[in-house]
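Structure first, commentary second.
In the working numbering, the protein residues as written are 69 to 536.
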């Protein structure tokens, strides 16, 4: 049996693993790389495996860095089933279509820009990574499964999806593979959530594996506690809205983070710590994701269910407006004070958030709240790293707004959370691969497991392959 790493290896995005055993070849995740030019080049490079030869795909969750290349996989010949949870399948209907729409629009812009800059009379053709039609075709191959129910996608393979507590529908996947009469158990952590975070259940405990792939996004640091995070959130909002008289701009991932921020703003209002909030969720996809989240109350924790009851009573709740049209979004840029604007994308590299940053970053009375991981090469990362000027839509924008980095809202477990989850293994896996972390972070976390726990740990590089 062999595993090969085609992404999320010494980097955070592009999760994609090919597992090959006697008579079967399948993928776990097929994600898009996110960041700068290097990420784009990897997305456009040819697959290192034949899509026709893949029997099936197991998908941990809906985030684009785990699912975003599925339409291209299907367009290039993969015709098998894609297994994922019910909630993930619902989220993919909006996320993959939205991703395809972005690909088409970016290709149109690139085509126009090349044509404008070319001395030739004919424009250079630039193809989208995939189209909306190809995303729709991919969606027909989804097979929704329930948590904790064993399925057999192949005669030699059994698997279970277990709640990862990361975003709605996210899963840890346990896989048993029969390879020439010998069964090996593999565990793919996917992205593990934080214990005690709003809305979702804590990650399911796993106690054994022969082969383990463990994420390491925050494997070298600790998050602030939720109490510390809410204190910082209250200060940032009250200082901006009451003392300085500006707006609060919150870049947020449409699935997970937007709903968590809304939950906290509701909860802080219910506690009487925030008052008279005017919140605008400026992302049609976040609106759809919120509607899907509200449908799946069975996946929520006890506190979230209590919040739902308070909202139904409608007493002293914040004013929340979900904007849909481009015109509604543009109108928000005329608001000079008193607004909390939650918009995508979470790394500030695409979508409506760029317009809100363009109109608010240069205003010292405003604040920007960074609430999630920012990959290298993204606009969000440049802001976190202290850039004084950033370029948005071809215009240099001075960074005069206050910037808050609120990492306690991360949907990823920190080092303590990862170690706590791993601490439930009754014995070390035979092979442990540290993935889904920037290179220095992944190696630091691997060293911790190797030296403190004496585990056999490797940090695979891009396209590395291992015999199991």
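C-beta atoms are modelled at their ideal positions from N, C-alpha and C, and glycine is treated no differently.
Three-state class that DSSP yields for residue i in the structure shown
{"i": "residue 434", "result": "coil"}
{"i": "residue 503", "result": "strand"}
{"i": "residue 519", "result": "helix"}
{"i": "residue 122", "result": "coil"}
{"i": "residue 473", "result": "strand"}
{"i": "residue 292", "result": "coil"}
{"i": "residue 87", "result": "strand"}
{"i": "residue 387", "result": "strand"}
{"i": "residue 211", "result": "strand"}
{"i": "residue 326", "result": "helix"}
{"i": "residue 495", "result": "coil"}
{"i": "residue 376", "result": "helix"}
{"i": "residue 511", "result": "helix"}
{"i": "residue 80", "result": "coil"}
{"i": "residue 220", "result": "strand"}
{"i": "residue 193", "result": "In this prediction, residue 193 has a pLDDT of 48, which is less than 50 and means its spatial position is unreliable; what the coordinates show is noted afterwards. Correct three-state label for residue 193: coil."}
{"i": "residue 286", "result": "strand"}
{"i": "residue 318", "result": "strand"}
{"i": "residue 95", "result": "strand"}
{"i": "residue 202", "result": "helix"}
{"i": "residue 396", "result": "helix"}
{"i": "residue 106", "result": "helix"}
{"i": "residue 277", "result": "coil"}
{"i": "residue 270", "result": "coil"}
{"i": "residue 311", "result": "helix"}
{"i": "residue 71", "result": "strand"}
{"i": "residue 230", "result": "strand"}
{"i": "residue 300", "result": "helix"}
{"i": "residue 535", "result": "strand"}
{"i": "residue 112", "result": "helix"}
8 Å Cβ cutoff met for residue i and residue j
{"i": "residue 207", "j": "residue 360", "result": "no"}
{"i": "residue 348", "j": "residue 400", "result": "yes"}
{"i": "residue 289", "j": "residue 198", "result": "no"}
{"i": "residue 373", "j": "residue 74", "result": "no"}
{"i": "residue 505", "j": "residue 285", "result": "yes"}
{"i": "residue 365", "j": "residue 375", "result": "no"}
{"i": "residue 92", "j": "residue 225", "result": "yes"}
{"i": "residue 426", "j": "residue 460", "result": "yes"}
{"i": "residue 151", "j": "residue 124", "result": "yes"}
{"i": "residue 34", "j": "residue 101", "result": "Examination of residue 34 is not possible in this model, given that the chain is present from 69 through 536 alone."}
{"i": "residue 287", "j": "residue 513", "result": "yes"}
{"i": "residue 179", "j": "residue 194", "result": "yes"}
{"i": "residue 239", "j": "residue 128", "result": "yes"}
{"i": "residue 268", "j": "residue 369", "result": "yes"}
{"i": "residue 209", "j": "residue 149", "result": "yes"}
{"i": "residue 341", "j": "residue 378", "result": "no"}
{"i": "residue 153", "j": "residue 96", "result": "no"}
{"i": "residue 481", "j": "residue 467", "result": "no"}
{"i": "residue 203", "j": "residue 165", "result": "yes"}
{"i": "residue 507", "j": "residue 230", "result": "no"}
{"i": "residue 332", "j": "residue 301", "result": "yes"}
{"i": "residue 521", "j": "residue 497", "result": "no"}
{"i": "residue 252", "j": "residue 536", "result": "yes"}
Nearest-angstrom Cβ-Cβ length linking residue i and residue j, presumed shorter than 8 Å
{"i": "residue 472", "j": "residue 304", "result": "5 Å"}
{"i": "residue 69", "j": "residue 98", "result": "Going by Cβ atoms, the distance from residue 69 to residue 98 rounds to 20 Å, so no, they are not a contact pair."}
{"i": "residue 541", "j": "residue 260", "result": "Coverage of the chain is limited to positions 69 through 536, which leaves residue 541 absent and any answer about it impossible."}
{"i": "residue 291", "j": "residue 478", "result": "6 Å"}
{"i": "residue 318", "j": "residue 403", "result": "Not really, about 14 Å apart at Cβ, beyond 8 Å."}
{"i": "residue 266", "j": "residue 392", "result": "Contact flag wrong, Cβ pair sits at about 25 Å."}
{"i": "residue 490", "j": "residue 282", "result": "7 Å"}
{"i": "residue 71", "j": "residue 534", "result": "6 Å"}
{"i": "residue 345", "j": "residue 408", "result": "6 Å"}
{"i": "residue 398", "j": "residue 443", "result": "Actually they do not touch by this definition, with Cβ atoms about 28 Å apart."}
{"i": "residue 462", "j": "residue 309", "result": "Between residue 309 and residue 462 the Cβ distance is about 31 Å, and since that is not below 8 Å, they are no contact."}
Heavy atom of the ligand NAP within 7 Å of residue i beta-carbon
{"i": "residue 435", "result": "The ligand NAP is absent from the structure shown, which contains no ligands of any kind."}
C-beta neighbour in chain B for residue i, strict 8 Å
{"i": "residue 371", "result": "The structure shown contains no chain B, having only a single protein chain."}
At least 3 beta-carbon pairs within less than 8 Å: the segment 434 to 444 vs the segment 240 to 247: Contact between the segment 434 to 444 and the segment 240 to 247 is not established, with fewer than three Cβ pairs separated by less than 8 Å.
Beta strand (DSSP E) runs contained entirely in the segment 402 to 428, provided each spans 3 or more residues: 408 to 411
Unbroken stretches of the beta strand (DSSP E), 3 residues or longer, contained in the segment 125 to 191: 150 to 153
Three or more C-beta pairs below 8 Å linking the segment 157 to 174 and the segment 347 to 359: yes
Sequence ranges, alpha helix (DSSP H) only - wholly within the segment 444 to 488, length at least 4: 447 to 452
contact_flag[the segment 308 to 328, the segment 418 to 438] where n(CB pairs < 8 Å) is 3 or more: yes
Cβ contact check for the segment 515 to 527 and the segment 489 to 506: 3 or more pairs under 8 Å: As far as the Cβ criterion goes, the segment 515 to 527 touches the segment 489 to 506, which means the pair count is three or higher.
The segment 440 to 450 contacting the segment 376 to 395, beta-carbon criterion three pairs below 8 Å: no
Entirely enclosed beta strand (DSSP E) segments - the segment 328 to 374, minimum 3 residues: 346 to 350
Whole beta strand (DSSP E) elements within the segment 236 to 265, 3-residue minimum: 239 to 247, 250 to 256
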